Each structure stands twice: as C-alpha cells, then as structure tokens.
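Before any comments, here is the structure.
In UniProt numbering, the protein residues as written are 1 to 106.
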C-alpha cells in the first residue's frame, strides 16, 4: 500500500522522529530511547516514514541508520507555500484595516 506523506506527518510520534533524525542519523534503538513506546512501535513508525520516502536507511556494519530525506520535506514545503501566500495576503489586508481604524480614531 502506497502511503501519503501527509498521513505520515499527521502522527505526532512520527513528527518527533523526523525532528530527531533531522539533526543526525540514528539507529532504531537510539530513536526508541527518546520515546515511551516499544521498539516494535518505533519500527512501525520508521517503516511508514520509509515507505513515504521521508527517511532513508543506511547499513553501517550490523547497524541500520535512519536519516531524513530533505527532498521529500521540500515537497511538503512546496505544498504549504500556496497557503503561506494566502495567509500573508490576509495578514496584509488585516494590517491595512487596522491601520485605517487607527487613523480614524485619532
């Protein structure tokens, strides 16, 4: 089953994992130490993040390290950009209205 990247980041634990591995590559055990969850639960989250191509795996000896794949995060940012422009326009409009009100009350 192909998972959607937005389904992956909807979960707070997965967002926390992304934040952790954004700083440095980590093993599943090292990631699990940061959560009050079973190693199996963390592995499931990592599998979902991997399926969505948000994280990558690299074998180093007997250990597997997980790291953030920036390209996929850029895809999320590009999608959010359309909304960011709408928000900025609305804030500019609100600023204009507030400025007009302020001038009228002087």
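Even for Gly, the Cβ is constructed at its ideal location relative to N, Cα and C.
For clarity, every value in this text was computed on a predicted model and none was experimentally measured.
Distances from the CA of residue 64 to each of 16, 29 and 78 were compared; the closest alpha carbon is that of 29. Within the UniProt domain "HTH arsR-type" (1-88), the beta strand (DSSP E) runs of at least 3 residues that lie entirely inside it are, in chain order, 55-60 and 63-68. Contact check for residue 45 and residue 14: beta-carbon distance about 5 Å, within the 8 Å limit, so the pair qualifies. Residue 104 has its alpha-carbon roughly 55 Å from the corresponding atom of residue 67. Cβ neighbours of residue 20 within its own chain (closer than 7 Å, five residues either side excluded): 26, 31 and 34. Here residue 55 is buried. Its C-beta has 16 or more other C-beta atoms within 10 Å. Shown here, residue 103 sits in a helix according to DSSP, grouped into three states. With respect to the 7 Å criterion, residue 10 and residue 52 are not classified as neighbours on the basis of their beta carbons.
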